[in-house]
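**Student:** Residues are numbered in the numbering used here as their position in the sequence shown, beginning at 1, plus a constant of 153.
Glycine included, every Cβ here is placed at the ideal spot set by N, Cα and C.
Being a predicted model, the structure only gives us computed values, none of them experimental.
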Amino acid sequence: MINTSTSDENLCGLKRADFQTTVNGKQTDLFILKNENGAEIAVTNYGGAVLAIMVPDKNGKYANVIQGHDSITHVINSHEPFLSTLIGRYGNRIAGGKFILEGKEYSLTINNGPNSLHGGPTGFHTRIWDAEQETPQSLKLHYLSADGEEGFPGNLDIHVTYTLSNQNEFIITYHATTDKTTLVNLTHHGFFSLSGIANPTATVDNNIVTINADFYTPIDNVSIPTGEIAKVEGTPMDFRTPQRVDSRINDPFEQLEFGAGYDHCYVLNKREAGTLSFAAKCVDPESGRSMEVYTTEPGVQVYTSNWHNGFEGAHGATFPARSAICFEAQHFPDTPNKGHFPSCVLHPGETYNQVTIYKFGVEK
Numbered sequence: 154m155i156n157t158s159t160s161d162e163n164l165c166g167l168k169r170a171d172f173q174t175t176v177n178g179k180q181t182d183l184f185i186l187k188n189e190n191g192a193e194i195a196v197t198n199y200g201g202a203v204l205a206i207m208v209p210d211k212n213g214k215y216a217n218v219i220q221g222h223d224s225i226t227h228v229i230n231s232h233e234p235f236l237s238t239l240i241g242r243y244g245n246r247i248a249g250g251k252f253i254l255e256g257k258e259y260s261l262t263i264n265n266g267p268n269s270l271h272g273g274p275t276g277f278h279t280r281i282w283d284a285e286q287e288t289p290q291s292l293k294l295h296y297l298s299a300d301g302e303e304g305f306p307g308n309l310d311i312h313v314t315y316t317l318s319n320q321n322e323f324i325i326t327y328h329a330t331t332d333k334t335t336l337v338n339l340t341h342h343g344f345f346s347l348s349g350i351a352n353p354t355a356t357v358d359n360n361i362v363t364i365n366a367d368f369y370t371p372i373d374n375v376s377i378p379t380g381e382i383a384k385v386e387g388t389p390m391d392f393r394t395p396q397r398v399d400s401r402i403n404d405p406f407e408q409l410e411f412g413a414g415y416d417h418c419y420v421l422n423k424r425e426a427g428t429l430s431f432a433a434k435c436v437d438p439e440s441g442r443s444m445e446v447y448t449t450e451p452g453v454q455v456y457t458s459n460w461h462n463g464f465e466g467a468h469g470a471t472f473p474a475r476s477a478i479c480f481e482a483q484h485f486p487d488t489p490n491k492g493h494f495p496s497c498v499l500h501p502g503e504t505y506n507q508v509t510i511y512k513f514g515v516e517k
């Protein structure tokens, strides 16, 4: 493990000693990325959890805009185990925790009603990633997921790099290979609060959101896609033009009732599959902070933290329901059981690649 963070001098107020422990024989640590503008990203290699993103508002005041914790103990025991972590081997849900691959049925651990969610209870969010920080602005993470882990086939070798650019972009690049045909659907589950983390953290009701999607994947009452690719037009799901989050979130619309708010995969408008393109934008009008999302993925799961219950995060901040919004770049949920969805199958000799960018700015 290489770490260039040699002191506790940082904007986020986190202390390296609070993140140093041994879990299953592997060391955890705190890593601080800094760019030339003074922005910061704080990360622990436990689950690749992002603990803080420090960016300025319209008055130049820096604040943390992602929900996280202030010690490794709290990360491990979080009320929300996926809080701003890496997700895998399969982001989102697989119906009944079952799928058939090359004629063989596989059974996964069930951890979300009748379904498997985010790779299971001991998915990538609980793993200690090998970490190497060679520069102040990037962190390389590596994990080898063993054949059979959480029920998935194949030894999956994953490399993830976090980069903080001088344009205040949080860039995540993913690469993975396997020795046996498997499923791969990686994402990062950042819970963003552009108003700044506080006690209590403000809701995202007033956030103005744009999503570059004409279609989405409707869900059933246990949040599994029905298989339909539905138009957003004429529904509360339509964010093709900027809309406040709360403008329709409480409408008597079955999809919103099933998700207790927004918790849906949007089918991104793409000229060519796999290209990096604009996915979404979020603006907090009070602080003036904005975030643009770009990804090579075909979809983005938009989630308005509907099940937060006011639990405590870093420095005593509390996170009530709808105090964050997530833009999880990914393939569609339950893809292995929906043959017409973009495939998540990875074969030996192939490389899984993904790039997702969260670009922070200011609108006055």
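So, is His493 buried or exposed, given that buried needs 16 or more other C-beta atoms within 10 angstroms?
**Tutor:** Looking at its Cβ environment, which holds fewer than 16 other Cβ atoms inside 10 Å, His493 is exposed.
**Student:** Cβ atoms of Ile325 and Val313: under 8 Å apart, would you say?
**Tutor:** Yes, they are a contact pair.
**Student:** Taking buried to mean at least 16 other C-beta atoms within 10 Å of its own C-beta, is Ser496 buried or exposed?
**Tutor:** Flag for Ser496 reads exposed.
**Student:** Tell me which same chain residues have a C-beta within less than 7 Å of the C-beta of Arg401, skipping the five on either side of it?
**Tutor:** Answer for Arg401: Pro389, listed in chain order.
**Student:** From Leu294 to Gly200, what does the alpha carbon distance come to, in whole angstroms?
**Tutor:** Cα to Cα, the separation comes out at about 10 Å.
**Student:** Got a sec? Which residues, its chain only, sit under 7 Å from Thr181 by beta carbon, not counting five neighbours each side?
**Tutor:** Phe172, Gln173, Thr174, Thr197, Asn198, Tyr199, Ile225 and Ile281, listed in sequence order.
**Student:** Compare the Cα-Cα distances from Glu481 to each of Tyr511, Pro489, Thr488 and His500 and report the closest residue.
**Tutor:** The candidate whose alpha carbon is nearest that of Glu481 is Tyr511.
**Student:** For Asp487, which residues from the same chain have a beta carbon less than 7 Å from its beta carbon, with the 5 sequence-adjacent residues on both sides left out?
**Tutor:** The residues are Arg246, Ile247, Ala248, Ile377 and Pro378.
**Student:** Strictly under 8 Å for the Cβ-Cβ distance: is Tyr315 near chain D by that measure?
**Tutor:** Chain labels in this structure do not include chain D; a single protein chain is all it has.
**Student:** Give the C-beta separation of Cys479 and Gly452 to the nearest angstrom, bearing in mind that I take them to be a contact with Cβ-Cβ under 8 Å.
**Tutor:** Rounded, the Cβ-Cβ distance is 13 Å, inconsistent with contact.
**Student:** Would Gly307 and Asp332 be called neighbours here (beta carbons separated by less than 8 Å)?
**Tutor:** Yes, they are a contact pair.
**Student:** Going by C-alpha to C-alpha distance, which of Trp460, Tyr296 and Glu162 sits closest to Ala195?
**Tutor:** Nearest of Trp460, Tyr296 and Glu162 to Ala195, Cα basis: Glu162.
**Student:** Measure the alpha-carbon distance for Asn321 versus Gly213 and round it to whole angstroms.
**Tutor:** Taking the straight line from one Cα to the other gives about 14 Å.
**Student:** Skipping 5 residues on each side, what residues in its chain have a beta carbon closer than 7 Å to that of Phe344?
**Tutor:** Around Phe344: Ile219, Gln220, Leu236, Ser237, Ser458, Ala477 and Cys479.
**Student:** Restricting to runs no shorter than 3 residues, where is the beta strand (DSSP E) found entirely within the region 318 to 355?
**Tutor:** Whole beta strand (DSSP E) segments, 3+ residues: 322 to 331.
**Student:** Identify every residue that forms a DSSP beta bridge with Asp300.
**Tutor:** DSSP, once it has assigned bridges, lists no residue as partnering Asp300.
**Student:** From Val357, Leu409, Ile311 and Tyr369, pick the residue whose C-alpha is nearest to that of Tyr505; which is it?
**Tutor:** Answer by Cα proximity: Ile311.
**Student:** Quick check on this structure: which residue in Leu186, His328, Gln290 and Tyr447 has the alpha carbon closest to the alpha carbon of Leu499?
**Tutor:** Ranking the options by Cα distance to Leu499, first place goes to His328.
**Student:** Give me whichever residues DSSP pairs with Pro486 in a beta bridge.
**Tutor:** Pro486 is not bridged to any residue.
**Student:** Would you call the CB atoms of Asp399 and Asp358 closer than 8 Å?
**Tutor:** Yes.
**Student:** Do Pro371 and Glu381 come within 8 Å of each other at the CB atom, strictly closer than that value?
**Tutor:** Their beta carbons are under 8 Å apart, which means Glu381 touches Pro371 by this criterion.
**Student:** Whole angstroms are fine: how far does the CA of Gly272 sit from the CA of Val420?
**Tutor:** Answer to the nearest angstrom: the Cα atoms are 21 Å apart.
**Student:** Taking Gly244 as the reference, which of Leu254, Phe305 and Val337 has the closest Cα?
**Tutor:** Closest by alpha carbon: Val337.
**Student:** Using 8 Å for Cβ pairs, my map puts Ile240 next to His278. What's the rounded Cβ distance?
**Tutor:** So it is a contact: roughly 6 Å between Cβ atoms.
**Student:** Going by alpha carbons, who is nearest to Tyr215 out of Asn190, Tyr315, Val375 and Ser291?
**Tutor:** The candidate whose alpha carbon is nearest that of Tyr215 is Asn190.
**Student:** State yes or no: is the C-beta of Cys165 within less than 8 Å of the C-beta of Ala205?
**Tutor:** Cβ distance < 8 Å, so Cys165 and Ala205 count as in contact.
**Student:** Rounded to whole angstroms, what's the CA-CA distance from His468 to Asn352? Just pull it up for me.
**Tutor:** The alpha-carbon atoms of His468 and Asn352 are separated by roughly 9 Å.
**Student:** With a floor of 3 residues, list each beta strand (DSSP E) that falls wholly inside the region 444 to 506, ordered by position along the chain.
**Tutor:** Runs of the beta strand (DSSP E) inside the region 444 to 506: 452 to 456 and 479 to 483.
**Student:** Hey, would you say Asn188 sits closer than 8 Å to Asn319, going by beta carbons?
**Tutor:** Yes. Within cutoff.
**Student:** The ligand MG and Gly166: does the residue's C-beta get closer than 7 Å to at least one heavy atom of that ligand?
**Tutor:** No copy of the ligand MG appears in this structure; indeed no ligand is present at all.
**Student:** For the alpha helix (DSSP H) containing His227, list its first residue and its last residue.
**Tutor:** Residues Ile225 to Ile229.
**Student:** Can you tell me which of Glu386, Tyr447, Leu317 and Ser298 puts its alpha carbon nearest to the alpha carbon of Leu309?
**Tutor:** Here the closest residue by C-alpha is Ser298.
**Student:** Counting along the chain, where does the beta strand (DSSP E) carrying Gln408 start and finish?
**Tutor:** From DSSP, Gln408 is part of no beta strand (DSSP E) but of the alpha helix (DSSP H) over Glu407 to Gly412.
**Student:** Can you tell me which of the three DSSP states Arg393 falls into?
**Tutor:** Three-state DSSP puts Arg393 in coil, outside helix and strand.
**Student:** Between the alpha carbons of Ala433 and Ile364, how many angstroms are there, rounded?
**Tutor:** Approximately 4 Å between the Cα atoms of the pair.
**Student:** Just verifying my parser: in three-state terms, what is the DSSP assignment at Asp161?
**Tutor:** The answer is coil: DSSP assigns Asp161 none of H, G, I, E or B.
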